[in-house]
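A quick write-up on the structure given underneath.
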Amino acid sequence: MEYLDHHPVHARRAAALLAAGELVALPTETVYGLAADARNPDAVAKVFQAKGRPADHPLIVHIPHLAHLAHWVASVPPAALRLAEAFWPGPLTLVLPASAQASPLITGGQDTIAVRWSAHPLFQAVLDELGHAVVAPSANPFGHISPTCAEHVLKNMQGRIAAVLDGGPCRVGVESTIVDLSGPVARVLRPGAISEAQLAEILPLASRASAPAPRVPGALASHYAPRLPCFRVENQARPLRWPPHPERRWAYIGFGPAPENTGQTHLLPDDPAACASRIYAVLHEADASACTHLLIELPPDHPDWLPVRDRLLRASVPLPEELATR
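The numbers in our numbering rise by one with no breaks, and the one at position 48 of the sequence shown is 136.
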């Protein structure tokens, strides 16, 4: 894998590789995306192979400018323009009726397509050089922890892609908010940095469970998962304790104090945005440690914490009672 730093010449190199049908990991404000030329079906197919991604799992198209939206969607409703004006470029993905030009590879065979305009300047520089859109799911093996720095990509995608363009740590740290505009009323399909409260200031929102929803990235019950067995508990008034198991070495990820008998502690920021920007990096660090099991303390069940809580719920399973005593 070719490593490219943030020098402007490397944005041109990344664009040239994409134009040649290669895969390049690019920084966005959310996570690193595995970019491929969205107009090249062979390049798009490589994304599924490199990630081990199911063929029916749709991709997000990342456009270089609002004017490119019309190429990918059948129509642009007023609601889409209102959200774009408020939040684009930024960590917001819109699901809209797909145009005839949208490949079924990208849509997962659906009649809808997910589109975003990223705010990351280096990502924008590459798209400006390329001149059109890319698909860019997270640059990691499917279902595992998303990458928020170039080192995560280098470690987990070596030998699978052509290059990674290093833009430093991702500012937001969790994937974009996804809003479905394909029905009569907008609804959130994946929480992210753009909150439901912010969206509701722009237009009415339907309940998430109001009707069958299009398939979108990051909506599977198990996702963003470490390779080590990963368990979760709700916020506790006092530390959890469990009997020592010589064959188990636990890493605790939470807000403290750490339970007894932990082998490693990773304390999370108590601010939702700061925690979101760090959570994947902490999961990567714990997953690469000498520990054998991970214990995650979930943040509060509160709207401000929804993006982090959503990712951690999908990355873990409940801690069995036999492993914990109080």
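Quick reminder that beta carbons are idealized off the backbone N, C-alpha and C, glycines included.
None of these values were measured; they are calculated from a predicted model.
Based on the DSSP secondary-structure assignment, which residues constitute the bridge partners of Tyr91?
-> Within the sequence shown, numbered from 1, the residue matching residue 91 stands at position 3. Bridge partners of Tyr91: Val252.
Which ranges does the beta strand (DSSP E) cover as unbroken runs of at least 3 residues, wholly within the stretch 155-224, from first to last along the chain?
-> 180-185, 200-204
Residues near Ser310 in its chain [Cβ-Cβ closer than 7 Å; skip 5 each side] | Your numbering for residue 310 matches position 222 in the sequence shown. The answer, listed in chain order, is Gly231, Arg402.
Inter-residue CB distance, Leu400 and Ile384 (contact presumed, cutoff 8 Å) | Taking the first residue of the sequence shown as 1, we reach residue 400 at position 312. Taking the first residue of the sequence shown as 1, we reach residue 384 at position 296. That belief holds up - the Cβ atoms of Leu400 and Ile384 are roughly 5 Å apart, short of 8 Å.
Compute the Euclidean distance between the alpha carbons of Val382 and Ala362, then round it to the nearest angstrom.
-> Start at 1 with the first residue of the sequence shown, and residue 382 comes out as number 294. Start at 1 with the first residue of the sequence shown, and residue 362 comes out as number 274. As written in the sequence, residue 382 is Leu, which differs from the Val given in the question. If you take the alpha carbons of Leu382 and Ala362, they lie about 21 Å apart.
Grab the span of the beta strand (DSSP E) containing Ile367 for me, first residue to last.
-> Translated into positions along the sequence shown, residue 367 becomes position 279. No beta strand (DSSP E) contains Ile367, which is instead part of the alpha helix (DSSP H) from 360-375.
Report back the beta-carbon spacing between Val149 and Ala131 to the nearest angstrom; my notes put them in contact at under 8 Å.
-> For this step, residue 149 is matched to residue 61 along the sequence shown. For this step, residue 131 is matched to residue 43 along the sequence shown. Val149 to Ala131, Cβ: 13 Å. No contact.
Determine the extent of the alpha helix (DSSP H) in which Leu383 is found, giving its start and end residues.
-> In the sequence shown, the residue the question calls residue 383 occupies position 295. It is not in any alpha helix (DSSP H) - Leu383 instead sits in the beta strand (DSSP E) that spans 381-385.
Is the beta carbon of Glu263 less than 7 Å from the beta carbon of Ala103?
-> The count along the sequence shown starts at 1 and reaches residue 263 at position 175. The count along the sequence shown starts at 1 and reaches residue 103 at position 15. It is not a contact, given that the beta carbons lie outside the stated cut-off.
Give me the Cα-Cα distance between Leu371 and Pro314, rounded to the nearest whole angstrom.
-> On the sequence shown, position 283 is the one that residue 371 refers to. On the sequence shown, position 226 is the one that residue 314 refers to. Their Cα atoms are separated by approximately 7 Å.
Taking DSSP as the reference, what is the three-state secondary structure of Pro406?
-> In the sequence shown, residue 406 corresponds to position 318, counting from 1. If DSSP states are grouped into helix, strand and coil, Pro406 belongs with the strands.
In the structure shown, what three-state DSSP assignment does Arg399 receive?
-> Taking the sequence shown and counting its residues from 1, one reaches residue 399 at position 311. When secondary structure is reduced to three states using DSSP, Arg399 falls in the helix class.
Classify Val135 as helix, strand or coil using the three-state DSSP reduction.
-> Reading the sequence shown from its first residue, position 47 is the one you call residue 135. If DSSP states are grouped into helix, strand and coil, Val135 belongs with the helices.
With DSSP as the reference, label Val267 as helix, strand or coil.
-> On the sequence shown, position 179 is the one that residue 267 refers to. In the structure shown, Val267 sits in a strand (DSSP, three-state: E or B).
Proximity to Leu386 [Cα-Cα], best of Phe175, Pro225, Val321 = On the sequence shown, position 298 is the one that residue 386 refers to. Closest option to Leu386, Cα to Cα, is Val321.
Given a cut-off of 7 Å, decide if Pro225 and Leu105 are closer than it, judged by their beta-carbon atoms.
-> The residue you call residue 105 lines up with position 17 of the sequence shown. The residue you call residue 225 lines up with position 137 of the sequence shown. In this structure, Pro225 does not lie closer than 7 Å to Leu105 by Cβ.
Could you check if Pro347 is buried or exposed, using at least 16 other CB atoms within 10 Å of its CB as the buried criterion?
-> Here residue 347 refers to the residue found at position 259 when the sequence shown is read from its first residue. By the 10 Å Cβ count, Pro347 comes out buried.
Which residues in the same chain as Trp160 place their Cβ atom closer than 6 Å to its Cβ, once the five residues preceding and following it in sequence are excluded?
-> Looking up residue 160 in the sequence shown gives position 72. Within the same chain, Trp160 has close Cβ partners Val149, Ser187, Ala190, Ile201, Val203.
7 Å Cβ shell around Arg100 - same chain, five flanking residues per side excluded = Looking up residue 100 in the sequence shown gives position 12. Cβ contact annotation for Arg100 (same chain, cutoff 7 Å, sequence separation greater than five): Glu217, in chain order.
Could you check what DSSP says for Val273 in three-state terms: helix, strand or coil?
-> By 1-based counting over the sequence shown, the position of residue 273 is 185. Here Val273 sits in coil by DSSP.
Boundaries of the beta strand (DSSP E) in which Ala124 is found, first to last residue | One-based indexing of the sequence shown puts residue 124 at position 36. 121-125 is the extent of the beta strand (DSSP E) around Ala124.
Three-state secondary structure (DSSP) of Arg100 | By 1-based counting over the sequence shown, the position of residue 100 is 12. Arg100 falls in the helix class under three-state DSSP.
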